[in-house]
Amino acid sequence: AADTPGNQAFVQNYSAKYGSEPSNYAARAYAGLHILAEAIANAQSTDSIAIRDALANITDFDTVFGKFSFNEVGDAVYDPKILIVVNGQLEIFE
Numbered sequence: 121a122a123d124t125p126g127n128q129a130f131v132q133n134y135s136a137k138y139g140s141e142p143s144n145y146a147a148r149a150y151a152g153l154h155i156l157a158e159a160i161a162n163a164q165s166t167d168s169i170a171i172r173d174a175l176a177n178i179t180d181f182d183t184v185f186g187k188f189s190f191n192e193v194g195d196a197v198y199d200p201k202i203l204i205v206v207n208g209q210l211e212i213f214e
């Protein structure tokens with residue numbers, strides 16, 4: 121599991137609820153939802169234009185994968201993780 125803020129709690133909570141460690145896809149969905157929730161909170165609205173604008177202003181947001189930002193053209197900026205397959209499972213290469 122990645123050593124980032126909130127990741128250990130995410131893995132423990134997910135494992136307790138579902139009886140297995142989260143997949144890479146579950147972790148990415150969790151991170152994405154937190155980014156969206158932050159944008160909605162910052163926009164103080166559910167209006168799609170307000171949320172879009174708030175998403176564009178997200179910088180250095182802590183996710184289970186590390187810091188996340190959008191750059192000036194709307195591309196995601198984060199420390200990429202290289203994944204490898206070990207015994208049929210995706211793992212972060214360190």
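Each residue of the sequence shown is one higher than the last, beginning at 121 in our numbering. We treat Cβ as the ideally placed atom computed from N, Cα and C, and that holds for glycine.
Point to revise | Residues bridged to residue 182 (per DSSP) | key: 187.
Practice item. My understanding is that residue 158 touches residue 178, with C-beta atoms under 8 Å, so please give their C-beta distance in whole angstroms. Key: 6 Å between Cβ atoms; contact.
Practice item. Flag this pair as yes or no: are the beta carbons of residue 144 and residue 210 separated by less than 8 Å? Key: Yes. Within cutoff.
Point to revise | Beta carbon of residue 183 nearer than 8 Å to that of residue 212 | key: For residue 183 and residue 212, no; Cβs fall outside 8 Å.
Review point. Mapping DSSP to helix, strand and coil, what is residue 192?
Key: Coil.
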